[in-house]
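A quick write-up on the structure given underneath.
In the numbering used here, the protein residues as written are 706 to 1340.
Rendered as structure tokens:
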């Protein structure tokens, strides 16, 4: 970790406690101040990723009244970024310096009374990076005691503490994470459930340990759309070490579909090759330097997994898979495989697309892999499985309401069928009939779609924005997504949006209208106008997803007859929120001869058009073909 204690030395008289956090962690814990408290503290980090690691350290329980945070290589998430300090009790003053183009960022906080460093860093991170936990109607207060779980998400309800406290009015903690049986036994009377945990994950009695990762660090943000056998390929190798074994990624000496990969232990690549990423098998989150190097590889091949540190090896594989680099691991020892989710195992073991395969096949492989890794191992989704026996209601992902407003009943059977076929488990449909009525037969058929569905009517005189507001008011989901009646949604579409909302920290997420079905010409055109997995507008209106609370906080929908999507995005940006564009798979934007509230003409969609298909692309991702890659089952 690179933590250093300073206490009254000539070079650091101003600071009672100084911590240095590098992007090359050595696995050693940060030492706390000898007094157990720090009147002043300086946290000096290479990057936001390095700063996040301190949250999981027991030393983060140290109280302090004055804090200065410096991030040497800070990068704004998007142009014009403006973060906000989170809630801090007893705040007297604070100062923020964020260089416009990135660089040396600095934040100082002065308080009336000491506050645990963990709480201050949680508030400070919101200044430096997107921090927006998924909304939930119920969740657990979690405390880590004597353990450093680097996978624990940044959340005001998650804490790292040196000792548990009691409260006569309410149970002090719902879940306690501890390293050993003795600590668990001491906590058993104070908590709802005690869980054995470490840097690589958690487990309860009589269950297989579950590998958990922090998706705010290991994610596909910035992945782009470079796919195919000619793109940069790396070889992942595990290395012996004393006392800690390690790993490295070096450039491959052939394409990923070939068979000429150099054996493990081959000489270093020649000068000018892609930089190599290295690290120790300590089960910690990937560092900023490692992530930066890793994003230069489109594919990764791991010919051998030694199982010398099974939990740490599984953690590394899950993190790499979540970044979206196409990862192939044909041989996985049982000790490692048993710690990985079955859907992820199926993808990692499957063959890569052939040399002559469509680049879309490589992209599909990447998306399936990252989705399986995040759903199976991101703490925001998988940690609930650990405590499911005690708190079964908390294991489900956030509920989603799909809001659909229509004046065209003839389109309803198809779009409702697509929504009913979503793999996301917690989904309801809110259908608003805008100035129309349904036949009794069609209403009955829609009611039997297999999903909870609300059907109601709004007067024809209401504007589109007013009707969207009325439909949103009826939504019961914690998250709300807009659906258009004439577009096509693949079975993973809702999952894609919820995952993006979690790892991006954006207020609004969606997909680009990249695959455009031109009904008049009978073709689908791929328009790669904007990069995927990136912050910034635009996103297609028929894919927008927000927390209902956020939507109402920015003012909801404007009462306009058209361009309601643009109106909402403008409100999000004015409120200081971020918009994030995930990958475009699983969404076909249809353009018909008439019936659109916005019409730019065919030339607009044909300009800069790339790959084309007769009809529609035939892939399971779009819900247009029953054959293809192995299905990813809903959790």
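Yeah, the Cβ is synthetic: ideal placement off N, Cα and C, and Gly gets one too.
In this structure, the alpha-carbon of residue 1177 lies about 13 Å from that of residue 1163. Its chain contains 850 as the residues whose beta carbon lies nearer than 8 Å to that of residue 868, once the 5 sequence neighbours on both sides are disregarded; these appear in chain order. In its chain, beyond the 5 residues on either side, 1246 have a beta carbon closer than 6 Å to the beta carbon of residue 1270. Residue 1003 sits in coil when the DSSP states are folded into three classes, being neither helix nor strand. DSSP lists 1083 as the beta-bridge partner residues of residue 918.
Spatial neighbours of residue 1152 in its own chain (CB-CB distance under 7 Å, excluding positions within 5 residues in sequence) are listed in chain order as 1158.
In the structure shown, residue 882 falls within a strand segment according to DSSP collapsed to helix, strand and coil. The C-beta distance from residue 1110 to residue 1173 rounds to 6 Å, short enough to meet the 8 Å contact threshold. Look at residue 1174 here: in three-state DSSP terms it is helix. In this structure, residue 1196 sits near residue 1291, with a CB-CB distance shorter than 9 Å.
Beyond the five residues adjoining it in sequence on each side, residue 823 comes within less than 7 Å, by CB distance, of 760, 765, 766, 864, 865 in the same chain, given in chain order. Distance check between residue 1252 and each of 1199, 1221, 1186 places 1186 closest, using alpha-carbon atoms only.
In the DSSP assignment, residue 1276 falls within the unbroken alpha helix (DSSP H) covering 1269-1279. Shown here, residue 952 sits in a strand according to DSSP, grouped into three states.
Taken atom to atom, the span from the alpha-carbon of residue 1144 to that of residue 874 is near 56 Å. For the set 860, 932, 827, 990, the Cα lying nearest the Cα of residue 905 is the one of 990. Approximately 17 Å separates the beta-carbon atoms of residue 816 and residue 830; this is outside 8 Å, ruling out the contact.
If the five residues before and after residue 1015 are omitted, its C-beta is found closer than 6 Å to the C-beta atoms of 1040, 1041, all from its own chain and listed in chain order. From the listed residues 998, 1022, 1188, the smallest Cα separation to residue 1009 is found for 1022. Looking at 890, 914, 879, the one whose alpha-carbon comes closest to that of residue 898 is 879. In chain order, 1100 place their CB closer than 6 Å to the CB of residue 1093, counting only its own chain and leaving out the 5 sequence neighbours on each side. The DSSP-derived three-state label of residue 1238 is coil. Taking every protein chain shown into account, the CB of residue 1322 has 16 or more other CB atoms within 10 angstroms, so this residue is buried.
The Cβ atoms of residue 1208 and residue 924 lie closer than 9 Å to each other.
By the neighbour-count definition (other C-beta atoms within 10 Å, threshold 16), residue 992 is a buried residue. Secondary structure of residue 989 (DSSP, three-state): coil. Counting along the chain, residue 1018 sits inside no beta strand (DSSP E); it lies in the alpha helix (DSSP H) bounded by residues 1015-1027. Excluding five sequence positions before and after residue 916, the CB atoms of its chain that fall closer than 8 Å to its own CB belong to 905, 906, 1016, 1019, 1020, 1023, 1044, 1045, 1082, given in chain order. Taking the CA atoms as reference points, residue 779 sits about 24 Å from residue 854. A direct Cα-to-Cα measurement between residue 876 and residue 895 gives close to 6 Å. Counted as a single uninterrupted DSSP element, the stretch harbouring residue 1288 is not any beta strand (DSSP E), since DSSP gives it neither H nor E. Residue nearest to residue 1103 within the set 1130, 1126, 1115 is 1130 (criterion: CA-CA distance). DSSP places residue 1133 within a strand segment (E or B) once states are collapsed to three. Straight across, the Cα-Cα distance linking residue 982 with residue 920 is about 19 Å. In its chain, beyond the 5 residues on either side, 774, 801, 829, 832 have a beta carbon closer than 6 Å to the beta carbon of residue 812. As a beta-bridge residue in DSSP terms, residue 1162 pairs with 1138.
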